[in-house]
Amino acid sequence: MKAVCWMGKENIQVHDVPDPRILNPRDAIVRVTRTAICGSDLHLYDGYVPTLEQGDILGHEFMGEVVEIGPGIDKKKLKVGDRVVVPFTIACGHCFSCEEKLWSLCDNSNPNAWFAEKMMGYSPSGLFGYTHMLGGYAGGQAQYARVPFADVGPIKIPDGLSDDQVLFLSDIFPTGYMAAENCNIKSGDTVAIWGCGPVGQFAIRSAFMLGAGRVIAIDHVQDRLALASAAGAETLNFEEVNTLDALRDLTGNRGPDSCMDAVGMEAFGHGALYLYDRIKQALRMETDRPVVIRECIQACKKGGTVSIPGVYAGFDDTIPLGALMNKALTLKTGQTHMMRYMAPLLKRIQAGEIDPSFVISHRLPLADAPEAYKIFRDKEDHCTKVVLDPWAEGAVAA
Amino acid sequence: MSPSLQKTDQNNQRLAVMLGCGLALYGLSRRSKTGIAIAAAGAAVALAGRQTGPKTYSAHASFTINCSPEDAYRFWRDLENLPLFMHHLESVRVTGDLSDWVALGPMNTRVHWAAEIVDDQENQSIAWRSLPGSDLSNSGSVSFHPGTGGRGTIIAATMVYTSPGGALGRTAALLMGRHPEFALREDLRRFKSLLETGEIPTTKGQSHGPRGIHGQASQVLLREKQNMPAPPLEHEDESHSNLVLRRSA
Ligand SMILES: NC(=O)c1ccc[n+]([C@@H]2O[C@H](COP(=O)([O-])OP(=O)(O)OC[C@H]3O[C@@H](n4cnc5c(N)ncnc54)[C@H](O)[C@@H]3O)[C@@H](O)[C@H]2O)c1
Ligand SMILES: [Zn+2]
Ligand SMILES: [Zn+2]
Chain A
1 MKAVCWMGKE NIQVHDVPDP RILNPRDAIV RVTRTAICGS DLHLYDGYVP
51 TLEQGDILGH EFMGEVVEIG PGIDKKKLKV GDRVVVPFTI ACGHCFSCEE
101 KLWSLCDNSN PNAWFAEKMM GYSPSGLFGY THMLGGYAGG QAQYARVPFA
151 DVGPIKIPDG LSDDQVLFLS DIFPTGYMAA ENCNIKSGDT VAIWGCGPVG
201 QFAIRSAFML GAGRVIAIDH VQDRLALASA AGAETLNFEE VNTLDALRDL
251 TGNRGPDSCM DAVGMEAFGH GALYLYDRIK QALRMETDRP VVIRECIQAC
301 KKGGTVSIPG VYAGFDDTIP LGALMNKALT LKTGQTHMMR YMAPLLKRIQ
351 AGEIDPSFVI SHRLPLADAP EAYKIFRDKE DHCTKVVLDP WAEGAVAA
Chain B
399 MSPSLQKTDQ NNQRLAVMLG CGLALYGLSR RSKTGIAIAA AGAAVALAGR
449 QTGPKTYSAH ASFTINCSPE DAYRFWRDLE NLPLFMHHLE SVRVTGDLSD
499 WVALGPMNTR VHWAAEIVDD QENQSIAWRS LPGSDLSNSG SVSFHPGTGG
549 RGTIIAATMV YTSPGGALGR TAALLMGRHP EFALREDLRR FKSLLETGEI
599 PTTKGQSHGP RGIHGQASQV LLREKQNMPA PPLEHEDESH SNLVLRRSA
């Protein structure tokens, strides 16, 4: 089959590799019909997340048709021929974390848990195509994918919905939704959201669904700001205004009730601290540039909530703990507990409350992945989100 | 081990020390870079020759498992289950009160021993030890305590290995790895996975692109080559569905 392989920093290649096979009783094999590139993949592309290996198959947003199931799967739960969306977090369904519905913290799905424990104390769940520290599982930017614990994660999709409408149940719609839920929104609240990428876009729409009175969206990419205001958000371009001053102004010297970092470890910024972060990151002394976390903590109202869906990988020394503590802020974060949100959000799509395909700007064959990563990273050609078709004509392997 | 074998081993040991010291002296006498290298190599050989006396390795680890003490106890008490999650064990065969253990070492060397259960408290603890005359003298114990407020079962295991001197001793040491505590922790982690999910998570045998030198090296660094459990499907074939111990969700 053809698969998108990480061959090094900024080096993506499509290779012919063996088809995946069932390795454990509760595995399934899915023939991938659609897959997408995520902002999280860009952190890998740019080489900022440790423990990726040359030859790893990338991709954690994918859906398709079940073509094989392991002997441990109850056919009432999943059978060959089912059309499913696969969540990016892998969860066993039986451990303490899974029983508490903390799906992205499953105790049993990371075969390299010992390594994550060295870095974080205890290991979160395994993820598809997202470093060996988080499982080392082959990802879904391929023609087929192996799905472990397939009786827990994949959700069946009813007829009548297109792939493009439901694909983002695999990550960014639930991620934006959980990030908004983590804002503790009370009716009429003001929510400020840094980053109008795909995650930010879904977070803006989810914040309104959860009762926000105002959403203020921050970015510097014009197309993305336009997409945010189309959803009813007020927008700030951080190249044109000082974000902190503007937020103070817009909220009558009160600050937003909650602030969300939907940017992550590669945020852009200004000034001496930003320079300090860039240099440390370039020297690999630090994996992250926590520009946005700093701003969120600073901007947030007293007693407010900071929600961090943006991905960080390492140890940062420039987080204003003084402000966090003295303003009595609540901090909420985590990889998304996918299985909590997939079914209810599918209902919202079916009811016509939202059509997630609004975020797609590019539809390309899998073979164009190397180019696709680049335009998505550089926001070229009005790129907001790329979906890849693994079976489209023109797919030639390297 | 027969007395004559032990003798040869002692001779080999003496030879290694002599050869090593000789090399070291020769190397030093050359007073050059190559000389220093030879001397260092010689010293290493001499040291390796010396370090073959008996050695004791012990390890302790604990894990919380989402099951009752009864389930955990029952699975462990059937000693033939141990190779399913203890990485270095190839098989355990139980005959009455005794059991025969086979461990697999590097390059498919096998170490055998017979063991007996020395203490058995139903649903609480089990202790065993090898019989005199075993290749590898060892003992182990495991306890099962209910977590507070119904939070599963806390299992705690201790293993002690005393390796004999000589070549076999080195095999035993390699068998346990340089970090017996690490090995035991990973065994318990697999025990937990098996009891909670009916399988052990793995990526061994999955597809990937060309690894190159870089990718190969990081696989070794992350122990993905040696430390991964063999997927149960590989040796169980038809009967693998037996491995699904729990009804699914
Ligand atoms: N928690 C999870 O489970 C989860 C899931 C998916 C993605 N993520 C993470 O969410 C983040 C966003 O993902 P995405 O797909 O939207 O990525 P993206 O790269 O497309 O979007 C990031 C946006 O942030 C903007 N930005 C950069 N610096 C900024 C600043 N200082 N202030 C405001 N905006 C700034 C960029 O212009 C860009 O539009 C990433 O870190 C990603 O890894 C987390
Ligand atoms: Zn993602
Ligand atoms: Zn779990």
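Protein chains in written order, with our numbering: chain A, 1 to 398; chain B, 399 to 647. Idealized CB from N, CA, C, for every residue including glycine.
Report back the beta-carbon spacing between G47 of chain A and K9 of chain A to the nearest angstrom; my notes put them in contact at under 8 angstroms.
Sure, about 3 angstroms apart at Cβ, within 8 angstroms.
Tell me which residues of the segment 586-610 of chain B have at least one Cβ-Cβ distance to chain A shorter than 8 angstroms, keeping chain order.
If the cut-off is 8 angstroms between Cβ atoms, the segment 586-610 of chain B has R587, K590, S591, E594, T595, G596, E597, I598, P599, T600, T601, K602, G603, Q604, S605, H606, G607, P608, R609, G610 near chain A.
Hey, does Y137 of chain A have any beta-carbon neighbour from chain B nearer than 7 angstroms?
Yes - at least one Cβ of chain B is within 7 angstroms of the one on Y137 of chain A.
Nearest to P154 of chain A (by Cα), restricted to the options A:A28, A:F96, A:G176
Selected option, being the one with the closest Cα: A:A28.
Which bits of chain B does Q54 of chain A rub up against, with CB to CB less than 7 angstroms?
Here the neighbours are R609, G610, H612, G613.
Quick one, which of B:S460, B:N479, B:D469, B:L534 has its alpha-carbon nearest P452 of chain B's?
When C-alpha distances from P452 of chain B are compared across B:S460, B:N479, B:D469, B:L534, the shortest belongs to B:L534.
So the candidates are A:A230, A:C5, A:E234, A:A299; which of them puts its Cα closest to the Cα of G213 of chain A?
With respect to the C-alpha of G213 of chain A, the residue from A:A230, A:C5, A:E234, A:A299 having the closest C-alpha is A:E234.
Can you check whether the C-beta of C106 of chain A is within less than 7 angstroms of a C-beta belonging to chain B?
Chain B contact via Cβ: absent.
Member of A:K347, A:V386, A:A369 whose CA lies at the smallest distance from the CA of R363 of chain A:
Of the candidates A:K347, A:V386, A:A369, A:V386 places its Cα closest to the Cα of R363 of chain A.
Taking 7 angstroms as the CB-CB limit, is P390 of chain A close to chain B?
No, no contact with chain B.
Contact list for the segment 112-130 of chain A against chain B, Cβ threshold 8 angstroms:
Taking 8 angstroms as the upper bound on Cβ-Cβ separation, chain B lies near residues N112, A113, W114, F115, G126 of the segment 112-130 of chain A.
When you compare only the Cα positions, how much space is there between L480 of chain B and V490 of chain B?
Looking at the two C-alpha atoms, the distance is approximately 7 angstroms.
Identity of the residues DSSP links to I57 of chain A by a beta bridge
I57 of chain A pairs with A:C5.
How is E99 of chain A classed by DSSP in three states: helix, strand or coil?
Judged by DSSP in its simplified three-state form, E99 of chain A adopts helix.
Integer Cβ distance of V191 of chain A from G264 of chain A, believed to fall under 8 angstroms
With 8 angstroms as the limit, V191 of chain A and G264 of chain A do not qualify as a contact, their Cβ atoms being about 18 angstroms apart.
Short of 7 angstroms Cβ to Cβ, which residues in the segment 449-467 of chain B face chain A?
Listed by position, the residues of the segment 449-467 of chain B near chain A (Cβ gap below 7 angstroms) are N464.
Around ligand 2, what residues have a beta-carbon under 5 angstroms from a heavy atom of it, in chain order?
Going by the Cβ distance cut-off, the answer is A:C38, A:S40, A:D171.
Cβ of I400 of chain A within 7 angstroms of Cβ of V166 of chain A?
Because residue 400 of chain A is not part of the residues shown, which for chain A are 1 to 398, the question remains open.
Would you please verify whether the beta carbon of V67 of chain A is less than 7 angstroms from any beta carbon of chain E?
Note that chain E does not occur in the displayed structure, where the protein chains are A and B.
Looking at the unbroken beta strand (DSSP E) that takes in C401 of chain A, where does it start and where does it end?
Any question about residue 401 of chain A goes unanswered here, given that chain A covers just 1 to 398.
Identity of the residues DSSP links to Y455 of chain B by a beta bridge:
Per DSSP, B:Y559.
Interface residues of chain A facing E622 of chain B [CB-CB closer than 9 angstroms]
Within 9 angstroms of the CB of E622 of chain B, the CB atoms of chain A belong to E53, P111, N112, H132, G136, in sequence order along the chain.
Run through DSSP, which three-state label would T243 of chain A get?
Three-state result, T243 of chain A: helix.
Show which residues of chain A have a CB atom less than 7 angstroms away from the CB atom of E584 of chain B.
Within chain A, the residues near E584 of chain B are W114.
Using only alpha-carbon positions, find the residue among B:V540, B:V509, B:N506, B:L502 that is nearest to I515 of chain B.
Ranked by how close their Cα comes to the Cα of I515 of chain B, the residues B:V540, B:V509, B:N506, B:L502 have B:V540 in first place.
Contacting positions in the segment 523-552 of chain B - beta carbon closer than 9 angstroms to chain A:
Those would be R549, G550, in chain order.
Return yes when the Cβ of S307 of chain A is within less than 7 angstroms of the Cβ of M260 of chain A, no when it is not.
Against a cut-off of 7 angstroms, the Cβ pair of S307 of chain A and M260 of chain A comes out as a contact.
Identify the contact partners of G200 of chain A in chain B, using a Cβ-Cβ distance below 9 angstroms as the criterion.
The premise fails here: G200 of chain A is roughly 32 angstroms from chain B at the closest Cβ pair, so nothing lies under 9 angstroms.
I'd like to know whether the C-beta atoms of H382 of chain A and D223 of chain A end up nearer to each other than 7 angstroms.
Closer than 7 angstroms, so yes.
Using the C-alpha atoms, what's the distance from I354 of chain A back to N625 of chain B?
For N625 of chain B, the predicted structure reports a pLDDT of 46, less than 50, and the residue's modelled location is therefore unreliable. The matter cannot be settled from this model.
Which residues mark the beginning and the end of the beta strand (DSSP E) in which N24 of chain A is found?
No residue range can be given for N24 of chain A, since it is assigned to no beta strand (DSSP E) and is classified by DSSP as neither H nor E.
Less than 6 angstroms between the CB of D107 of chain A and some heavy atom of ligand 5, yes or no?
Absence of ligand 5 is noted for the structure shown, with ligand 1, ligand 2 and ligand 3 being the only ligands found.
Would you please verify whether the beta carbon of L23 of chain A is less than 7 angstroms from any beta carbon of chain B?
Yes, contact with chain B.
Kindly say whether F268 of chain A, judged by its beta-carbon, lies nearer than 7 angstroms to any beta-carbon of chain B.
No, because no Cβ of chain B sits closer than 7 angstroms to the Cβ of F268 of chain A.
Close Cβ partners of R340 of chain A (< 6 angstroms) along its chain, the five nearest in sequence each way excluded:
Apart from the 5 residues on each side of it in sequence, R340 of chain A sits with its Cβ closer than 6 angstroms to the Cβ of K101 in its chain, given in chain order.
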